[in-house]
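Peer 1:
Residue numbers (the numbering used here): 1 to 161.
(1) Span of the beta strand (DSSP E) holding residue 32?
(2) Within the continuous alpha helix (DSSP H) that includes residue 125, where are the two ends?
(3) Are there 16 or more other CB atoms within 10 angstroms of the CB of residue 98, so buried, or fewer, so exposed?
(4) Starting from residue 25, follow its DSSP beta bridges and name the residues at the other end.
(5) Using beta-carbon positions only, say whether residue 120 and residue 52 come within less than 8 Å of one another.
(6) Rounded to whole angstroms, how far is the Cβ of residue 39 from the Cβ of residue 67, which I believe are closer than 8 Å?
(7) What's the C-alpha gap between residue 9 and residue 73?
(8) If I measure Cβ to Cβ from residue 142 and keep anything under 8 Å in the same chain, skipping five residues before and after, which residues do I get?
(9) Out of curiosity, what's the CA-to-CA distance linking residue 150 and residue 41?
(10) Check residue 106 in the structure and name its three-state DSSP category.
(11) Tell me whether residue 11 is buried or exposed, calling it buried when 16 or more other Cβ atoms sit within 10 Å of its Cβ.
(12) Rounded to a whole number of angstroms, what is the C-alpha to C-alpha distance between residue 48 and residue 18?
(13) How is residue 154 classed by DSSP in three states: helix, strand or coil?
(14) Across which residues does DSSP place residue 4 in a beta bridge pair?
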């Protein structure tokens, strides 16, 4: 029997089109929360010339809503290639129903959150892409995503997104 693992999607990996195009068998996708972390636009990609979503360790009262994508372990390299350059961190998660699970996540090197350029068309397109990708999840997830995603010290919800 093949070993199964879970990968936490909090940014690009929230997009089913992306993870379905990796050529992996997706066994399940579960909405869940990661505690003591903060999702923030703080990783400036010099090639794309925009600030991407990342997660940083944070206070006990912070959390990140995302999805646990269950795959076969043999497919992990496809996810690693997709998120190249990121470190892999193991963490504990909780589903909306209170179940606990363990998954790995990809985390980029930290940069300052003020790299977000509100005037950039590329930046706006990336934000729109992320917001469109979460529409496949529950209404609760969509609201909580906006309430737990930061640009600087304000959430997307506070900024009217």
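Every residue, glycine too, gets a C-beta built ideally from N, C-alpha and C. Because the structure is a prediction, the values reported are computed rather than measured.
Peer 2: A quick look at the data gives this:
(1) Numbered from 1 along the chain shown, position 32 holds the residue referred to as residue 32. Residues 28 to 35.
(2) Numbered from its first residue, the chain shown carries residue 125 at position 125. Looking at the DSSP string, the run of the alpha helix (DSSP H) that includes residue 125 is 121 to 133.
(3) For this step, residue 98 is matched to residue 98 along the chain shown. By the neighbour-count rule (16 or more Cβ atoms within 10 Å), residue 98 is not buried but exposed.
(4) Walking along the chain shown from the start, residue 25 turns up at place 25. Per the DSSP secondary-structure output, residue 25 pairs with nothing in a beta bridge.
(5) Position 120 of the chain shown, counted from the start, is the residue given in the question as residue 120. Position 52 of the chain shown, counted from the start, is the residue given in the question as residue 52. In this structure, residue 52 does not lie closer than 8 Å to residue 120 by Cβ.
(6) Here residue 39 refers to the residue found at position 39 when the chain shown is read from its first residue. Here residue 67 refers to the residue found at position 67 when the chain shown is read from its first residue. Contact doesn't hold; Cβ gap of about 13 Å is too wide.
(7) For the purposes of this step, residue 9 is taken as the residue at position 9 of the chain shown. For the purposes of this step, residue 73 is taken as the residue at position 73 of the chain shown. For residue 9 and residue 73, the distance between alpha carbons rounds to 16 Å.
(8) As a working mapping, residue 142 is identified with position 142 in the chain shown. For residue 142, where only same-chain residues beyond five positions count, the Cβ hits under 8 Å are 134, 135.
(9) Walking along the chain shown from the start, residue 150 turns up at place 150. Walking along the chain shown from the start, residue 41 turns up at place 41. Cα-Cα distance, rounded: 6 Å.
(10) In the chain shown, residue 106 corresponds to position 106, counting from 1. Residue state, collapsed to three classes: strand.
(11) Position 11 of the chain shown, counted from the first residue, corresponds to residue 11. Burial call: buried.
(12) In the chain shown, residue 48 corresponds to position 48, counting from 1. In the chain shown, residue 18 corresponds to position 18, counting from 1. Rounded to whole angstroms, residue 48 to residue 18 spans 17 Å at the Cα level.
(13) Looking up residue 154 in the chain shown gives position 154. Residue 154 falls in the strand class under three-state DSSP.
(14) For this step, residue 4 is matched to residue 4 along the chain shown. Per DSSP, 72.
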